[in-house]
Amino acid sequence: MKKRSDPPDSGYGIGDLLGLGSQSVRKNYYPALQERIDELEQERNRYKWLFENALHGIFQANLKGGILACNPAMARICGYASPELLKSAIIRLREQLFCSASEFDTIRQELLDQGSLSGRETRFQRADRTPVHVAVTLLRRPDLGPEVVEAFVADITERVQARQRLEQLNAQLEQRVEDRTEALQNANVDLRYQIEEREKIERELVVAVAAAEDANRSKDKYLAAASHDLLQPL
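Residue numbers (our numbering): 1 to 234.
Here's what the structure looks like:
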């Protein structure tokens, strides 16, 4: 019910007051709206293209369940022919995606405490149950659910294998150095023994020479005395 103080209803809208009918307002508003919708659609298609053609794996999952969405790269990393096959196969992240259930528990708790993890190295199970080394960046999405996360995954198998080979080479080099050091130490011990033996022989030789010289002097004295006696007249 209108009050006396209310202005009389003129029956005209804003468009009428501006000299525009309702049809004219719609005509002017619709192109701008359609332009905005087109921009949003282009943006959506751009993100969709990036999602589908990204080199790194991308997935959305529930920590208490499985994978909710993923891109083709994620499927390839895990050895599946398509994202749909990966989604249908992984209904429990803890047992079916992660190689180590205890490591999953640790990662889950860190995510719940911190909200995100960056570049965490772990291992996923491929379709044939062989492990694949990955670096994962995880972000909680509480707006989508208490344990919903989004993740970016890089296959680092080649990097890990190269690191392992380098560690093996370093270990082999260290072993060779230890073996060489031990051989040198043994050679030094042998050399010291040989030197000591040589010095001993030299000392014995000096004693023998001295004894021979004493014997020669004694012989000379004896011969001299004998000659003297023989030369004396009878």
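Just so you know, even glycine gets a beta-carbon here, dropped at the ideal spot from N, CA and C.
Per the coordinates, the alpha-carbon of LEU86 lies some 8 Å from the alpha-carbon of ILE67. In the structure shown, ASP113 falls within a helical segment according to DSSP collapsed to helix, strand and coil.
If you compare the alpha carbons of ILE58, VAL132, LYS64, GLY65 with that of MET74, the shortest gap goes to ILE58.
If you compare the alpha carbons of VAL148, ALA154, ALA210, LEU97 with that of ARG120, the shortest gap goes to ALA154. The beta carbons of THR130 and ILE107 sit no closer together than 8 Å. Put simply, the region 166-182 does not touch the region 82-102. Fewer than three CB pairs are less than 8 Å apart. Looking at the DSSP output, ALA135 bridges to GLU121, ALA154. When rounded, the separation of the alpha-carbon atoms in GLU43 and GLY115 is 27 Å. Between the region 137-155 and the region 94-112 there are three or more inter-stretch CB-CB distances shorter than 8 Å, so the stretches are counted as touching. Look at ARG140 here: in three-state DSSP terms it is strand. Of the other Cβ atoms in all chains shown, 16 or more fall within 10 Å of the Cβ of GLN125; this residue is therefore buried. Non-local beta-carbon contacts of GLN96 in its own chain, meaning distances under 8 Å to residues more than five positions away in sequence, involve GLY66, ALA89, ILE90, GLN125 in chain order.
A residue is called buried when at least 16 other Cβ atoms come within 10 angstroms of its Cβ; ILE195 does not meet this threshold and is exposed.
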